[in-house]
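Asker:
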Amino acid sequence: MIRLAAALLCLFSAPAFADDAALWRALAAGGHAAIMRHATAPGVGDPAGFKLGDCATQRNLSEEGRAEARALGDRFRKEGVAVGRVATSQWCRCRDTAVEMALGEVVEDPRLNSFFGSDREATRKAVDGVKAALAETPRAGPIAVLVTHQVNVTATTGVYPASGEIVVVRLNESGAAEVVGTLKP
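According to mature numbering (1 follows the signal peptide of the UniProt record, and there is no 0), the stretch in the sequence shown is residues -18 to -1, 1 to 167, in order.
1) Is V89 buried or exposed, if buried means 16 or more other CB atoms sit within 10 Å of its CB?
2) Under the three-state reduction of DSSP, which class applies to E160: helix, strand or coil?
3) At a cut-off of 7 Å, is F97 close to the ligand FAD when judged by its beta-carbon and the heavy atoms of the ligand?
4) Going by C-alpha to C-alpha distance, which of G111, V26, D2, G25 sits closest to T70?
5) Taking the alpha helix (DSSP H) that V133 belongs to, which residues open and close that run?
6) So what's T105 in DSSP terms, helix, strand or just coil?
7) Do you know how far the Cα of A117 is from the Cα of E45?
8) Output needed for A15: all residues of its chain with C-beta closer than 8 Å, excluding positions within five of it in sequence on either side, in chain order.
9) Per DSSP, which one or two residues make a beta bridge with R36?
10) Once you ignore the five residues that flank M18 on each side, which residues in its own chain have a CB closer than 6 Å to its CB?
11) Tell me the start and end of each unbroken alpha helix (DSSP H) in the stretch 19 to 83 that is at least 4 residues and wholly inside, in chain order.
Next comes the structure, spelled out in structure tokens:
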């Protein structure tokens, strides 16, 4: 049901920026944030019995995913985007994406943790968590990069991102985020 609602929302909400160059300029100007799905990690979900503190029990980045993350970090630097905060889910594939991007100190933020397979209450809490993390982003100056999971990005923005895809959001005066476009890896 959530996926259907998100797909319909995507059909009826066109981003304000049409091309990648405009989105990179918006990020470089500040007042925006980048919410992204972790880079390529083959599979869906995590194995039964996975543990957050043990990467060997989780679905992890492939070598392709690590290369994607490094290339995204290079692109941020090439485009002159100043990053003031890099926050990540505690899942290894998210943390590793953030580390490989090499945009600054990486801080784990449990509010960005996946709620895949959870109930409506967990979904609501996860969306509230991502919104709270966004609300902490300054309206000017260096941006925040939030590395999380597909379900979190979709529930918060209505965008169903590919692995490594960035959803660029503009932050309004009340701290709410408005999707202005996406950047494919």
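Glycine included, every Cβ here is placed at the ideal spot set by N, Cα and C.
A quick note: this is a predicted structure, and the numbers were derived from the prediction, not measured.
Answerer: To lay it out plainly:
1) Result: exposed.
2) Secondary structure of E160 (DSSP, three-state): strand.
3) Absent from the structure shown: the ligand FAD. Ligands present: none.
4) Selection G111, V26, D2, G25 evaluated against T70 yields G111 as nearest (Cα-Cα).
5) Where V133 is concerned, the enclosing alpha helix (DSSP H) stretches over 132 to 139.
6) DSSP places T105 in the helix class (H, G or I) of the three-state scheme.
7) Inter-residue distance for E45 and A117 is about 33 Å (C-alpha atoms, whole angstroms).
8) Excluding positions up to five away in sequence, the list reads L116, T119, I125, A126, V127, L128, V150, V151, L153, A159.
9) The sequence given here has Asp at residue 36, not Arg. Looking at the DSSP output, D36 bridges to K33.
10) Same-chain partners within the cutoff: V129, I148.
11) Counting whole runs of 4 or more residues, the stretch 19 to 83 contains the alpha helix (DSSP H) stretches 45 to 60, 74 to 83.
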